[in-house]
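**Student:** Just so we're aligned: the sequence shown equals residues 2 to 183 in our numbering. Glycine included, every Cβ here is placed at the ideal spot set by N, Cα and C.
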Amino acid sequence: MAVYRFSNTVIGYLNLLTLLASIPLIGGGLWLARSSATCESSLQTPLLVLGFVVLLVSLTGFVGACFNVAWALWLYLLVMLLLIAALLGLTVFGFAVTGGGGGEQVPGRVYREYHLEDYSGWLRRQITEDRYWRAARACVVGSKACAKIALWTPLDYLQRDLTPIQVRNLNKYSAFPWYWET
């Protein structure tokens with residue numbers, strides 16, 4: 002009987018900790034809701050969902066362990082099993098769609114260059130569809146990063162580290178396209 006009480010006590014304390022940890026998650030999601038910026042609002046829903054799922058699962062485990070409610074412990078066990086299976090499936094899916102896309106080292110640079118052809122067909126289709134980039138485009142435009150680059154001089158282009166994407170787009174968007182034509 003002492004082992005049963007000890008395991009329930011441990012489960013109760015662990016669920017109390019995760020229950021308390023869900024409060025900052027929910028608070029962070031609500032804090033992001035006050036902002037109208039596209040970048041922050043795209044994180045709001047996943048953060049709120051994660052916070053409430055952790056809250057409900059922790060509350061179920063806490064009630065089941067502390068008040069010896071058997072059905073709550075069984076529900077807690079089932080939901081945890083489903084969450085673990087979902088995380089495992091998401092991990093395997095992530096490895097499957099990104100396998101082979103390790104990038105190539107660029108001589109003289111600290112970054113690696115990645116090619117879309119190295120990734121799975123599903124991921125390539127997802128990335129090339131315009132509807133998936135609307136929020137990201139709005140985020141970049143809202144950050145005013147392009148306005149800062151428009152003020153660069155030709156010397157700035159030589160002194161700063163540019164990513165391969167920035168270098169490829171210089172001819173199209175640069176204030177000095179004549180400088181890069183060779």
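#1: Below 7 Å CB to CB, which residues in the same chain sit around residue 75 once its five sequence neighbours on both sides are set aside?
#2: Identify which residue in 82, 122, 115 has its Cα closest to the Cα of residue 102.
#3: Once DSSP output is grouped into helix, strand and coil, what is the label at residue 177?
#4: Rounded to a whole number of angstroms, what is the C-alpha to C-alpha distance between residue 61 and residue 77?
#5: Using the three-state DSSP reduction, which class does residue 122 fall into: helix, strand or coil?
#6: For residue 244, which beta-bridge partners are listed by DSSP?
#7: To the nearest angstrom, report how far apart residue 64 and residue 17 are at their CA atoms.
**Tutor:** The answer reads as follows:
#1: Translated into positions along the sequence shown, residue 75 becomes position 74. Hits under 7 Å: none found.
#2: Numbered from 1 along the sequence shown, position 101 holds the residue referred to as residue 102. For residue 102, the nearest C-alpha among the options comes from 115.
#3: Taking the sequence shown and counting its residues from 1, one reaches residue 177 at position 176. Annotation note: pLDDT 48 at residue 177 (below 50); position unreliable, coordinate value reported separately. Three-state result, residue 177: coil.
#4: Within the sequence shown, numbered from 1, the residue matching residue 61 stands at position 60. Within the sequence shown, numbered from 1, the residue matching residue 77 stands at position 76. In a straight line, the C-alpha of residue 61 is about 6 Å away from that of residue 77.
#5: For the purposes of this step, residue 122 is identified with residue 121 of the sequence shown, where counting begins at 1. It is helical.
#6: Nothing in the structure corresponds to residue 244, since the chain is present only between 2 and 183.
#7: Here residue 64 refers to the residue found at position 63 of the sequence shown. Here residue 17 refers to the residue found at position 16 of the sequence shown. The alpha-carbon atoms of residue 64 and residue 17 are separated by roughly 10 Å.
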